[in-house]
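Data first, discussion second: the structure below is written as structure tokens.
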Amino acid sequence: MPNDPDFVVEKWGTTRPSEGRVFAAVFAHSDDLAIFAGGTAMKLISEGYKGYFIKTTNDEMDSYDLSFAETVYRIAKETEDVVDYLKLEKLYSLDYKNHYLEHSQLTEIRHRLIMLFRFLKVDTVITFDPWGHYEENPDHYITAHAVETASWTAGRQLDLPELKDMGLMPKFVTRKYLVARGPQLVNRVVDITPVIDKKLECMKLHVTPMDNMYRTYKDLHPDAKITQDEFVESEFLQKADPMYGVEYAEKFHYIDETDSFSFMRNQKS
Numbered sequence: 001m002p003n004d005p006d007f008v009v010e011k012w013g014t015t016r017p018s019e020g021r022v023f024a025a026v027f028a029h030s031d032d033l034a035i036f037a038g039g040t041a042m043k044l045i046s047e048g049y050k051g052y053f054i055k056t057t058n059d060e061m062d063s064y065d066l067s068f069a070e071t072v073y074r075i076a077k078e079t080e081d082v083v084d085y086l087k088l089e090k091l092y093s094l095d096y097k098n099h100y101l102e103h104s105q106l107t108e109i110r111h112r113l114i115m116l117f118r119f120l121k122v123d124t125v126i127t128f129d130p131w132g133h134y135e136e137n138p139d140h141y142i143t144a145h146a147v148e149t150a151s152w153t154a155g156r157q158l159d160l161p162e163l164k165d166m167g168l169m170p171k172f173v174t175r176k177y178l179v180a181r182g183p184q185l186v187n188r189v190v191d192i193t194p195v196i197d198k199k200l201e202c203m204k205l206h207v208t209p210m211d212n213m214y215r216t217y218k219d220l221h222p223d224a225k226i227t228q229d230e231f232v233e234s235e236f237l238q239k240a241d242p243m244y245g246v247e248y249a250e251k252f253h254y255i256d257e258t259d260s261f262s263f264m265r266n267q268k269s
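Quick note: the sequence shown, position 120, residue 120 per full-length UniProt numbering, numbers continuous.
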């Protein structure tokens with residue numbers, strides 16, 4: 001961990017070292033980005049990145065007592081509000097059925113991601129860790145594996161060669177910020193202390209899913225004396241472990257394949 005020479009704590013600076021770089025935050029649901037990496041997205045944009053949000057499901061299951069149609073309608077608007085708040089360039093919603101992503105759809109999702117990664121010239125992704133343990137939600141691990149395979153095949157010359165005729169040239173995605181809800185290898189934390197209040201406001205824009213989580217929690221803990229705001233803060237804004245040396249952090253398994261050894265190793269078919 002912090003004693004590991006490969007462990008990094010990303011701090012905020014005053015320069016823009018990533019001018020011209022592009023990240024895609026690829027998550028299954030509207031609130032995943034704000035919860036797991038909202039502060040990191042703000043930091044990368046402050047350093048010069050352009051950012052995009054690619055959402056794989058239609059979020060139709062993420063309300064407490066609304067219809068599917070009303071849930072989709074409300075969350076679509078809330079997600080656009082979050083995209084504007086985070087100063088992202090655009091939302092791309094693939095709109096697969098919520099909670100029903102399947103392994104049989106991996107190839108199709110991968111192909112759609114390859115097209116977007118090439119079109120947007122993505123070099124960095126923020127997504128779920130495809131090897132995270134004890135993940136119950138199929139949308140999370142299917143999305144993660146689709147991103148993993150698309151990041152590699154997006155740069156290969158003979159994968160979807162017709163895309164080159166459309167002007168979408170091969171480009172590898174070489175940097176990955178991977179998150180998990182369960183145990184995982186953490187080799188990088190991003191200091192989000194300077195934007196912790198903004199992260200909270202960003203999460204609150206997800207009115208419908210936050211209401212769903214809070215009311216579900218109350219069903220499971222009927223005697224709990226906690227407001228929705230208190231629930232959101234206690235659930236998602238815990239202080240970082242003191243060993244990190246920052247007050248608040250987002251944790252990642254970070255992969256950088258731009259060094260020559262990793263790059264050449266991964267080109268072997």
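Note that CB positions come from ideal geometry on N, CA and C, so glycine has one too.
Computed from a predicted structure; not experimentally measured.
- Cβ contact annotation for Met169 (same chain, cutoff 7 Å, sequence separation greater than five): Arg118, in chain order.
- Exclusion of the five residues before and after Val186 leaves Lys251 as the residues of its chain whose Cβ lies within less than 6 Å of its Cβ.
- Spatial neighbours of Val189 in its own chain (CB-CB distance under 6 Å, excluding positions within 5 residues in sequence) are listed in chain order as Val9, Tyr244, Ala249, Lys251.
- CA-to-CA, the gap between Phe53 and Asp223 works out to about 38 Å.
- Assignment of Ser63 by DSSP, reduced to helix, strand and coil, places it in the coil class.
- In the structure shown, Asp95 adopts extended strand secondary structure according to DSSP, grouped into three states.
- Annotation: Arg156 to Ile255 spans about 19 Å, alpha carbon to alpha carbon.
- Taking Asp165 as reference, the option from Gly38, Met115, Gly132 with the minimal CA-CA separation is Met115.
- Less than 9 Å divides the Cβ of Leu86 from the Cβ of Ile45.
- Per the coordinates, the alpha-carbon of Glu162 lies some 12 Å from the alpha-carbon of His111.
- Excluding residues up to 5 positions away in sequence, Asp191, Thr193, Ala240 lie with their Cβ nearer than 6 Å to the Cβ of Val246 in the same chain.
- For the segment 2-42, the full-length beta strand (DSSP E) segments reaching 3 residues or more read 8-10, 22-27 along the chain.
- In the structure shown, Val195 falls within a helical segment according to DSSP collapsed to helix, strand and coil.
- With a cut-off of 8 Å on Cβ pairs, the segment 17-35 is in contact with the segment 119-135, counting three or more such pairs.
- Two segments are said to touch when three or more pairs of C-beta atoms, one from each, lie closer than 8 Å; by this definition the segment 144-151 does not touch the segment 195-204.
- Note on the segment 122-154: whole alpha helix (DSSP H) runs with a minimum of 4 residues are 138-153, in chain order.
- Ile255 is bridged by DSSP to Lys176.
- In its chain, beyond the 5 residues on either side, Val22, Glu89 have a beta carbon closer than 6 Å to the beta carbon of Lys50.
- Remark: C-beta atoms of Val72 and Asp84 do not approach each other more closely than 9 Å.
- With the rule of 3 Cβ pairs closer than 8 Å, the segment 171-185 counts as touching the segment 134-142.
- Using a 10 angstroms sphere on the CB of His206, the tally of other CB atoms reaches 16 or more, which defines it as buried.
- In this structure, Cys202 keeps its C-beta atom at 9 Å or more from the C-beta atom of Ala76.
- Assignment of Tyr100 by DSSP, reduced to helix, strand and coil, places it in the coil class.
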